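**Student:**
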Amino acid sequence: MEQDGLWYKDAIIYQVHVRTFFDSNADGIGDFQGLAQKMDYLQELGINTIWLMPFFPSPLRDDGYDISDYRSVHPSYGTLDDFKRFLSDAHQRGIRVIIELVLNHTSDQHPWFMESRSSPDNPRRDWYVWSDTDTRYRGVRIIFLDTEMSNWAWDPISKAYYWHRFFSHQPDLNYDNPAVREEMWDVMKFWLNFGVDGFRLDAVPYLVEREGTSCENLPETHAVIKELRGKLDKEFPGKLLLAEANQWPADLRPYFGNGDEFHMAFHFPLMPRMFMALKLEDRKPITEILQQTPEIPPSCQWCLFLRNHDELTLEMVTDMERDYMYDVFAGNKAMRLNLGIRRRLAPLLDNDRRRIELMNGMLMSMPGTPIIYYGDEIGMGDNIFLGDRNGVRTPMQWNGGWNAGFSTADPEGLYSPLILNPVYGYQSINVLSQRRFEHSLLSWMQRMIRVRRSIPAFGRGTIEFLYPANHRVLAYVRQLGGETILVVNNLSSSAQAVELDLRRFKGNILIELFGRNIFPRAGDLPYLLTMGPYQFYWFRLRRI
Amino acid sequence: MRDLIVNELSLAYHEFARELARLLPRLIGMVIVVIMGWLIAYVLKAIVRSIMRLARFERLSDNAGTSQLLNRAALPSSTELLSRFVFWVAFLGFILLGVNVLGIVGLQEYVARFFLFLPRLFVALFVIFFGVLAASFFSRAALLAAVNADLPSARLLSNSIRFVIIIFVVSMAFEELGIAEQTILVAFGILFGALMLGLSLAFGLGGKELAHDFLERRLAHRKKEEREDELSPL
Amino acid sequence: MADESVLTDEFLRQLINVGEVDILVGLPTHNNAKTVGPVVQAIQAGLLRNFPRERAVILNADGGSRDGTSELIAAAAISDVRHMANVRALRTLPCISAQYAGTPETGLALRTILAAAELLRARACAVISPESVNPEPAWVERLLRPIYSDQADFVTPMYRRHKFEGLLMRNLLYPMTRAIYGKRVREPYASEFGFSGGLATQFLKQDVWNHEVGRTGAEMLLTLVSLASGCRVHQTFLGTKAHVERSARDLVPAMRQTVGTLFWSLDTYYPGWSTVVQSQPISTVGCEHDTTLEPVRVNRKRMYDMFRSGVGELSPVFSSILSEPTLAELQKIASQPEDDFRYPAELWVKTAYEFAASYHKSPISRDHIIQALAPLYRGRMFTFLLETKDASAEEVESEVESLCQEFERLKPYLLNNWNSGK
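Heads up: the protein sequence lines correspond to chains A, B and C, in order. First residue of the first sequence: 27, per the working numbering; consecutive thereafter. First residue of the second sequence: 1074, per the working numbering; consecutive thereafter. First residue of the third sequence: 233, per the working numbering; consecutive thereafter.
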């Protein structure tokens, strides 16, 4: 693998859980050997980075985010050797691999916690946050509102309360303890030594607690990160740290430090606003959040995504906006969870091909590294009747046959039911049928990714918004060096006419990037574009 | 000698009879023309009357106030009057045509002159009619405006405007007809000039206070007593 | 279809950029910079509070202001171009301001607003006067909600007024419109009102815009067209009527705009109103007759004098308009001294109806007929002021109500006069 220090700026990330992808041993659960068999598909799709969701041993009460062993692979998914083989195969194809590391908490089944709780004198006692009362850190918000009543849980074994920001079976580690920090660095080294290319660090804002604060984003937490990053840069240069921190952009900025903390962070507030802008048919939500997004150090990068394994979170919007989003996207209350909406991309957009294309187009052209959630490239649907967020974590649909080609096990024995309805079911939405047709969503995504990868300006360039008078059109210019790309998106369900002020680019010919046809030259007069519903243009501006 | 007289007389008689015989066809022609003329004039009158009715001429003349005038003079309505006028003009025209047919040379010239005169007559009548209409309209407008603006002697103002316009119009008509052109012109000029001069003297000298008040009311702040009356009607 | 010649190219471009809307609020302006600022802020607040999810636009039809009126209105726009610190809005709120072609006239401004409403396919629209003195955000809700929820097609306002204000409305326009068109609309001449998009299309189709009445009396005409075409008309209470600085001298222009328009409409809509027998109340939100009673000085003597001089000087004009008995009555009461003078309701009703019938037949110019009514109205105003000098709000209301009943009772008189030759 070529060593490019800023490779993550050109990455197209594919987010997948090994459990959902492909089952090679007919036990109904996807595994690493299965994933390795599907690398052709991923290479053909055009992505160059895989983000693996947690696969460490775990009681699986939170889909693997409750970890009971940091240095192994859950037996359902295979062995450590399976993982190593998969990793080297990926690297041979030029695909990097990022894995998840849950720093903030472990499962209550983890040996560390078992020891910690056994007695107050245990050497690992101080690895977790214990208290005799549940009144410390009063007023700190509860994250899983639908299931938890408090951030303290009573442990009958040690007769004390332990702190947990997430589920009560996920006690928080105590990062004030240097032993904990040392251990976690060791865990990271373990995986880095295999060749893993980076870590997504889960739930980073909550590492450290202090009385009288919100216990989020504390300076002490940043100190921990800086320490980890320092060690990483020294011993494993070119490896990535990606932050999962669901915060307002201004509060996210500190996680980049001065280029000495995280390399990348998710831009959480942008994502719901893209959906909102589409429904309102008004670009205002998008432009406003990006105007409020602070500058980040030149080596850092935002991570953009449309959907992920969690609910579409509405934490970072106003109450009025949240009510609106609930009413238009999640009329059925069963779709709502924890201040979010648990639906996949295609159902959120009413399975409208044009809207799906537009959203993906915006994802690929806005400043940041795009992430594709597995299954969204073929337009998979969801199952809101499965509990928690499992509705968006159903098996990958490979073909219209037995178990959608995911596994040869009994259908009743799969880790999750398949999607069966006539619209989104595996008989209609699957990789095999979409590969046969040039006009399928999959084929379109492949072309789109190809174009995106051919233009470095998207990943590394600057962004400048044009503000045409027609507020239904979102238009911006990406520039890197001598390359200038004009992106125009029609957010409206009806045809629109828009006039753009391209006087700065006077004399440039516009070349549309997908068909490579030339469009009229930019001049002094307003540049008129007429656009169909949900249509978008990518133009290269070329002066000849 | 008797035979001579009888001979001359019979010669003269024959001469006369011959002349008469020569004249007779023309006379008959004239009678025919006159009769036809009467018929045509009658038809014309009927046509004019229906046109007038269609154009609601009656209302126009009501508007002009001519109906009232005619009523008071115990004359028939203006439509009737106009149609009868048309009848007589047409009839007269045809009579003259008939006379023309007779071939009496001296008369022909007069006939020609009559026909030349006709258009000017119509124009004059036209001018007078619309002048009266305009006079009535403007005098009424002035009356209403004056009453609503609470100006004193509104009637006087209205009537003077009517008077001035009528005089003006009649002068124009007379000029058109060519009757005493210069006299009318000069008289009108003198009258109008005197009127204007008188008005300016009166207004300027005698009405100084009034003018002052008037202008003050219009341009400067209004006095408190008047402000009491400022209720918005809507 | 909207007449394109009303809309300039520049305006059309702005409309294209706004696109389809659910709500349109129109402001006809001409040099209103002193008062329009709070009005447009109130509209913006009202829209954000009551219609936060709807696509809305504030549209200013300007007759060529030179005092910055248009800029003030454009400042209320909410968009991503300018950062507005305290405003939380889901959507862009465009505020477009465009000049209509022609001389400044409310009729043209209204026509521009109607054309824009049709082109933008607005569902509910409102027009608000830029001269309002205490604009409230709630006005937007009150004028638009009945239309937006599809219960009404046209919404007229009601105001809190001093008992001596708006006498033309209470003594002539309200009772006569009520008797003729059969609906108890308190303010048929409204400078603030709401209407549906469908009604806008209907208004534009009327062949009135090229007449004089379409330019000067457009507000009144819209109400009358709605009544005549059987639309659902509601009325809603807005608040205190703005005290516009208008002197009594402006009576004649006011009468032209209102009474002239009313009389004109009788010709066009005769088949409809001639068959209406009784008036019906209309759906009303809020208090119908809120009157304030603070003491105000009025110059009654002047009214009496003008009435007398009017009757005296204008008798040749009146003899073309009124019937002989009515004229004789008028001359009789004009001869009474001020203390005994009274213009009884029945005589006033007959006067009004005869004027209306005469307008229809137009023995003299129609504008002159309207002007001739002014002195007679002054006499009636005198009587009304005298009778309600010490009256309470309820007593004033019952006076107005009995006048309305008189108008309704004598409607056959109007019909007789209408059809007879004179």
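Even for Gly, the Cβ is constructed at its ideal location relative to N, Cα and C. Quantities reported herein were computed from a predicted structural model and do not represent experimental measurements.
Going along the chain, which residues of its own chain have a beta-carbon closer than 6 Å to the beta-carbon of glutamate 1249(B), five neighbours each way excluded?
**Tutor:** Numbered from 1 along the second sequence, position 176 holds the residue referred to as residue 1249(B). Answer for glutamate 1249(B): Arg1193, Val1196, Ala1197, listed in chain order.
**Student:** Give a yes or no on whether 8 Å exceeds the smallest Cβ distance from serine 311(C) to chain A.
**Tutor:** Position 79 of the third sequence, counting from 1, holds the residue named residue 311(C). Closer than 8 Å to some Cβ of chain A, the Cβ of serine 311(C) qualifies, so yes.
**Student:** Taking 8 Å as the cut-off, does the segment 315 to 324 of chain A touch the segment 274 to 289 of chain A (at least 3 CB pairs, one atom from each stretch)?
**Tutor:** yes
**Student:** Quick one: which chain C residues come within Cβ less than 9 Å of methionine 1223(B)?
**Tutor:** Along the second sequence, one-based indexing puts residue 1223(B) at 150. Note on identity: in this sequence residue 1223(B) is aspartate, with methionine being the wrong assignment. The answer, in chain order, is Arg481, Arg534, Asp537, Met538, Ser541.
**Student:** Quick one: grab the DSSP three-state call for lysine 395(C).
**Tutor:** Counting from one through the third sequence, the residue named residue 395(C) turns up at place 163. Assignment of lysine 395(C) by DSSP, reduced to helix, strand and coil, places it in the coil class.
**Student:** At what residues does the beta strand (DSSP E) containing arginine 122(A) begin and finish?
**Tutor:** As a position in the first sequence, residue 122(A) is number 96, starting the count at 1. Its beta strand (DSSP E) spans residues 122 to 128.
**Student:** Under DSSP, the alpha helix (DSSP H) around glycine 429(C) begins and ends at which residues?
**Tutor:** One-based indexing of the third sequence puts residue 429(C) at position 197. Its alpha helix (DSSP H) spans residues 429 to 437.
**Student:** Just to confirm my understanding: we take proline 496(C), look at its own chain, exclude 5 residues before and 5 after, and list those with CB closer than 7 Å. What are they?
**Tutor:** As a working note, residue 496(C) is residue 264 in the third sequence. A small fix is needed here, since residue 496(C) is tryptophan in this sequence, not proline. Cβ neighbours of tryptophan 496(C) beyond the five flanking positions: Val445.
**Student:** Under the rule that 16 or more other beta-carbon atoms within 10 Å means buried, what is arginine 312(A), buried or exposed?
**Tutor:** Reading the first sequence from its first residue, position 286 is the one you call residue 312(A). For clarity, residue 312(A) is isoleucine in the given sequence; the question names arginine instead. Isoleucine 312(A) comes out buried.
**Student:** List the whole-angstrom C-beta distance separating aspartate 57(A) from glycine 90(A), where the pair is believed to meet the contact cut-off of C-beta under 8 Å.
**Tutor:** Here residue 57(A) refers to the residue found at position 31 of the first sequence. Here residue 90(A) refers to the residue found at position 64 of the first sequence. Wrong, their Cβ atoms sit about 13 Å apart, outside the cutoff.
**Student:** Mind checking the segment 265 to 293 of chain C against chain A and listing, in chain order, the residues whose C-beta falls within less than 9 Å of any C-beta there?
**Tutor:** Pro284, Arg285, Arg287
**Student:** Going by C-alpha distance, which of Ile1168(B), Ile1120(B), Ala1227(B) is nearest glutamate 545(C)?
**Tutor:** On the third sequence, residue 545(C) is found 313 positions in, with the first residue counted as 1. Per the Cα distances, Ala1227(B).
**Student:** With 8 Å as the limit, tell me which residues of the segment 322 to 356 of chain C have their beta carbon closer than that to any beta carbon of chain A; keep them in chain order.
**Tutor:** So the list reads Leu322, Arg323, Thr324, Pro326, given in the order they occur along the chain.
**Student:** Pull the bridge partners of isoleucine 535(A) from the DSSP assignment, please.
**Tutor:** Counted from its first residue, the first sequence places residue 535(A) at position 509. Arg547(A), Arg568(A), per the DSSP bridge assignment.
**Student:** Taking a Cβ distance cut-off of 7 Å, strictly less, list which residues of the segment 238 to 251 of chain C are near chain A, in chain order.
**Tutor:** Ile248, Asn249, Gly251
**Student:** Determine the DSSP secondary structure at glutamine 453(A), reduced to helix, strand or coil.
**Tutor:** Position 427 of the first sequence, counting from 1, holds the residue named residue 453(A). Under the three-state reduction of DSSP, glutamine 453(A) is assigned to coil, being neither helix nor strand.
**Student:** Can you check whether the CB of proline 389(C) is closer than 8 Å to the CB of phenylalanine 435(C)?
**Tutor:** Position 203 of the third sequence holds residue 435(C). Position 157 of the third sequence holds residue 389(C). Not in contact: phenylalanine 435(C) and proline 389(C) (Cβ atoms no closer than 8 Å).
**Student:** Cβ closer than 7 Å: which chain C residues qualify as neighbours of asparagine 516(A)?
**Tutor:** Residue mapping note: residue 516(A) aligns to position 490 of the first sequence, counting from 1. Within chain C, no residue comes near asparagine 516(A); the closest Cβ sits about 11 Å away, beyond 7 Å.
**Student:** Does the segment 302 to 319 of chain C come close enough to the segment 407 to 414 of chain C to have 3 or more Cβ pairs within less than 8 Å?
**Tutor:** no
**Student:** Do we get a CB-CB distance below 8 Å when we pair histidine 293(A) with the residues of chain C?
**Tutor:** The residue given as residue 293(A) occupies position 267 in the first sequence. It does not; no Cβ of chain C falls within 8 Å.
**Student:** Short of 6 Å in beta carbon distance, which residues of its chain neighbour leucine 371(A), apart from the five on each side in sequence? Order them along the chain.
**Tutor:** Stepping through the first sequence from its first residue, residue 371(A) is reached at position 345. Within the same chain, leucine 371(A) has close Cβ partners Leu332, Arg333, Asp402.
**Student:** Please list the partners that glycine 398(C) has in chain B, where partner means a Cβ-to-Cβ separation under 8 Å.
**Tutor:** Within the third sequence, the letter at position 166 stands for residue 398(C). The contacting residues are Ser1305, Pro1306, Leu1307.
**Student:** Look up cysteine 357(C) in the DSSP assignment and say whether it is helix, strand or coil.
**Tutor:** For this step, residue 357(C) is matched to residue 125 along the third sequence. Here cysteine 357(C) carries a strand assignment [DSSP, helix/strand/coil].
**Student:** At a Cβ cut of 7 Å, what residues of the segment 269 to 287 of chain A count as close to chain C, listed as they run along the chain?
**Tutor:** In summary, no residue of the segment 269 to 287 of chain A has a CB separated from any CB of chain C by less than 7 Å.
**Student:** In chain order, what residues of the same chain lie with their CB nearer than 7 Å to the CB of tyrosine 585(C), ignoring the 5 residues before and after it?
**Tutor:** Position 353 of the third sequence, counted from the first residue, corresponds to residue 585(C). When the five nearest sequence neighbours on each side are left out, the beta carbons in the same chain lying within less than 7 Å of the beta carbon of tyrosine 585(C) are those of Leu642, Tyr645, Leu646, Asn649, in order along the chain.
**Student:** For a contact meaning CB atoms closer than 9 Å, what does alanine 204(C) contact in chain B?
**Tutor:** This structure does not reach residue 204(C), given that chain C is present from 233 up to 654, and the question cannot be answered.
**Student:** What does DSSP give as the partner residue(s) for threonine 620(C) in the beta ladder?
**Tutor:** Sequence index remark: in the third sequence, residue 620(C) carries index 388 (1-based). None; threonine 620(C) has no bridge partner.
**Student:** Sort Arg486(A), Ser520(A), His497(A) by Cα distance to isoleucine 511(A) and report the nearest one.
**Tutor:** Position 485 of the first sequence, counting from 1, holds the residue named residue 511(A). Closest option to isoleucine 511(A), Cα to Cα, is Arg486(A).
**Student:** At what residues does the alpha helix (DSSP H) containing arginine 1235(B) begin and finish?
**Tutor:** Working through the second sequence from its first residue, we reach residue 1235(B) at position 162. Going by DSSP, arginine 1235(B) is part of the alpha helix (DSSP H) stretching over 1227 to 1250.
**Student:** Rounded to whole angstroms, how far is the Cβ of serine 157(A) from the Cβ of tyrosine 187(A), which I believe are closer than 8 Å?
**Tutor:** Position 131 of the first sequence, counting from 1, holds the residue named residue 157(A). Position 161 of the first sequence, counting from 1, holds the residue named residue 187(A). Between serine 157(A) and tyrosine 187(A) a beta carbon distance of about 5 Å is seen, short of the 8 Å cut, so the two are scored as contacting.
**Student:** Tell me which residues share the same chain as proline 324(A) and place their Cβ nearer than 8 Å to its Cβ, disregarding the 5 neighbours each side in the sequence.
**Tutor:** By 1-based counting over the first sequence, the position of residue 324(A) is 298. Within the same chain, proline 324(A) has close Cβ partners Gly285.
**Student:** Tell me the residue span of the alpha helix (DSSP H) that contains histidine 592(C).
**Tutor:** Position 360 of the third sequence holds residue 592(C). Note, histidine 592(C): alpha helix (DSSP H), 577 to 593.
**Student:** By the DSSP assignment, the alpha helix (DSSP H) with glutamate 321(A) in it spans what residues?
**Tutor:** Residue mapping note: residue 321(A) aligns to position 295 of the first sequence, counting from 1. No alpha helix (DSSP H) contains glutamate 321(A), which DSSP labels as neither H nor E.
**Student:** Among residues of its own chain, excluding the 5 on either side of alanine 249(A), which ones have a beta-carbon nearer than 6 Å to its beta-carbon?
**Tutor:** Indexing the first sequence from 1 puts residue 249(A) at position 223. For alanine 249(A), where only same-chain residues beyond five positions count, there are no Cβ hits under 6 Å.
**Student:** Can you list, in chain order, the residues of its chain with a C-beta nearer than 6 Å to that of arginine 1091(B)? Leave out the 5 residues immediately preceding and following it.
**Tutor:** The residue labelled residue 1091(B) in the question sits at position 18 within the second sequence. Closer than 6 Å at Cβ, skipping near neighbours: no residue.
**Student:** Determine whether the beta carbon atoms of isoleucine 121(A) and threonine 75(A) lie at a separation below 8 Å.
**Tutor:** Translated into the one-based positions of the first sequence, residue 121(A) becomes position 95. Translated into the one-based positions of the first sequence, residue 75(A) becomes position 49. The answer is yes: Cβ separation under 8 Å.
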